[in-house]
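Residue numbers 20 to 345, in our numbering, belong to the letters of the sequence shown in order.
Here a beta-carbon is modelled for each residue, glycine too, at the ideal position from N, C-alpha and C.
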Amino acid sequence: MPLDTYGRNINYLRISLTDACNLRCVYCMPENQVFRPRDELLSTPEFLRLTAIFARMGVVKIRLTGGEPTIHPDVLSIVSGMRAIPGINSVSMTTNGVLLEKMAQPLATAGLERVNVSLDTTDPTEFLRITRRNSFEKVWQGVLAAEAAGLLPIKLNAVIVRGFNDHNIAKLAGLTVEHPWHIRFIEMMPFGGSTDLQRSQVVTTTEAINNIENTYGPLELLDNGRMDGEAVMYRIAGAPGRLGFISSVTKPFCAYCSRARLTADGRLRLCLLRENEVDLLTPMRSGASDDELRELIAAGIWQKPWGHGLANGEIPLNRTMSEIGG
Ligand code: SAM
Ligand code: SF4
20 MPLDTYGRNI
30 NYLRISLTDA
40 CNLRCVYCMP
50 ENQVFRPRDE
60 LLSTPEFLRL
70 TAIFARMGVV
80 KIRLTGGEPT
90 IHPDVLSIVS
100 GMRAIPGINS
110 VSMTTNGVLL
120 EKMAQPLATA
130 GLERVNVSLD
140 TTDPTEFLRI
150 TRRNSFEKVW
160 QGVLAAEAAG
170 LLPIKLNAVI
180 VRGFNDHNIA
190 KLAGLTVEHP
200 WHIRFIEMMP
210 FGGSTDLQRS
220 QVVTTTEAIN
230 NIENTYGPLE
240 LLDNGRMDGE
250 AVMYRIAGAP
260 GRLGFISSVT
270 KPFCAYCSRA
280 RLTADGRLRL
290 CLLRENEVDL
300 LTPMRSGASD
310 DELRELIAAG
320 IWQKPWGHGL
330 ANGEIPLNRT
340 MSEIGG
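Right under this line is the structure:
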């Protein structure tokens with residue numbers, strides 16, 4: 020198992036299939052974002068080769084992300100190819116859901132285990148303001164299609180941004196009263212350079228919980244506060260679904276971090292919020308053997324940073340969230 024200096028066992032790899040996207044969320048990228056040319060991105064055989072190397076090093080769990088992973092032309096063969104790699108026991112995906120209505124069943128058939136769908140609001144006008152695209156209905160149909168395809172449990176990720184969707188938090192949470200879904204509220208990470216949003220627009224977990232409790236009464240803490248991934252889980256009394264709160268800004272979970280990221284341009288990124296990266300694409304294209312790539316990966320993981328410095332105003336400037344793979 021690859022361990023870092025702090026003894027954290029890195030067994031979870033998030034892979035960004037592309038930096039491109041069919042939405043333009045205000046907290047993620049500017050309207051005029053320029054995407055990388057295809058030849059600067061990993062090819063499908065390169066994705067599969069690197070995944071197999073990571074699997075031999077102890078990675079067991081893969082999450083495909085982006086940019087938007089469903090717009091990758093080979094996404095189905097990538098899912099089935101990764102599922103076939105010995106040692107990989109789970110392949111899941113974070114998606115904006117725009118293409119899921121058609122793709123949920125083929126993805127499930129290819130071996131995808133689950134999806135997290137990003138949905139920040141139940142209001143189509145707010146959706147348009149946040150994502151700069153008029154795709155609410157498509158995403159909603161995509162969520163229903165994912166449920167019908169058995170990509171369960173349905174988890175919806177909502178980033179709350181003051182001035183955009185902060186007055187609709189309780190409505191979003193209310194979906195868990197009607198559906199057995201998990202709605203996960205994520206504190207917005209104010210990425211420098213790539214967006215115009217300010218720290219003052221971060222809505223904290225405490226504020227979100229207060230807001231929901233004003234409508235639904237006290238929330239029940241679940242699992243004695245044990246985290247589900249990066250989320251602390253609650254429930255509205257009597258609801259079939261669950262609420263998760265991811266406090267990346269106010270309560271980072273760095274001590275439990277078991278993940279590394281592979282960017283679409285072949286960099287191993289050790290922490291979402293630190294600029295440290297290891298270039299794997301250049302050595303791979305210069306003929307590096309699997310053993311040589313393995314050594315580069317092991318040396319990088321050994322140096323995985325302890326934590327991020329958001330609380331001190333240290334913000335990574337070298338990439339947008341969509342380039343890293345959230
Ligand atoms: N396009 C896919 C999607 O939106 O689900 C996958 C990539 S997106 C970068 C992954 C996750 O990062 C999404 O849930 C998105 O809401 C989240 N995200 C993007 N920018 C963020 C930010 N500044 N702060 C917190 N979360 C962010
Ligand atoms: Fe695209 Fe996801 Fe970023 Fe929104 S959060 S712009 S859907 S990559």
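{"Check": "Which whole-angstrom value describes the C-beta separation of Ile188 and Ala227, a residue pair presumed to lie in contact below a C-beta threshold of 8 Å?", "Outcome": "5 Å"}
{"Check": "Roughly how many angstroms lie between the CA atoms of Ile255 and Gly263, to the nearest whole one?", "Outcome": "11 Å"}
{"Check": "Can you list, in chain order, the residues of its chain with a C-beta nearer than 7 Å to that of Asp185? Leave out the 5 residues immediately preceding and following it.", "Outcome": "Ile179, Val222"}
{"Check": "Measuring only the C-alpha atoms, how far is Ile104 from Val158?", "Outcome": "31 Å"}
{"Check": "Would you kindly report the start and end of the unbroken alpha helix (DSSP H) that includes Asn230?", "Outcome": "224-235"}
{"Check": "Measure the beta-carbon distance from Ala168 to Ala123 and round it to whole angstroms, keeping in mind my assumption that it falls under 8 Å.", "Outcome": "4 Å"}
{"Check": "Rounded to whole angstroms, what's the CA-CA distance from Leu238 to Thr140? Just pull it up for me.", "Outcome": "20 Å"}
{"Check": "Under 7 Å Cβ to Cβ from Ala250, same chain only, skipping five residues before and after it: list those, please.", "Outcome": "Arg203, Gly263, Phe264, Ile265"}
{"Check": "Distance check for Asp284 and Thr70, CA to CA, integer angstroms please.", "Outcome": "14 Å"}
{"Check": "For a minimum of 3 consecutive residues, which ranges assigned as the beta strand (DSSP E) are wholly contained in the stretch 164-220?", "Outcome": "174-179, 201-206"}
{"Check": "Leaving out five residues before and five after Tyr235 in sequence, what residues of the same chain have Cβ atoms less than 6 Å from its Cβ?", "Outcome": "Ile255"}
{"Check": "Quick one: is Glu388 buried, meaning 16 or more other Cβ sit within 10 Å of its Cβ, or exposed?", "Outcome": "Residue 388 is absent from the model: the chain starts at 20 and stops at 345."}
{"Check": "By the three-class DSSP mapping on this structure, what secondary structure does Val136 have?", "Outcome": "strand"}
{"Check": "Would you mind reading off the limits of the alpha helix (DSSP H) that contains Phe146?", "Outcome": "143-150"}
{"Check": "Expressed to the nearest angstrom, what Euclidean distance is found between the alpha-carbon atoms of Pro64 and Ala258?", "Outcome": "44 Å"}
{"Check": "Considering only the alpha carbon of each residue, which of Met207, Pro199, Pro302 lies closest to Gly260?", "Outcome": "Pro199"}
{"Check": "Along the chain, where does the beta strand (DSSP E) that runs through Gly263 open and close?", "Outcome": "261-265"}
{"Check": "Are the Cβ atoms of Arg313 and Ile81 separated by less than 8 Å?", "Outcome": "no"}
{"Check": "Going by the beta-carbon positions, is the gap between Ile90 and Thr37 smaller than 8 Å?", "Outcome": "yes"}
{"Check": "Given 7 Å as the limit, tell me if Arg82 has its C-beta closer than that to any heavy atom belonging to the ligand SF4.", "Outcome": "no"}
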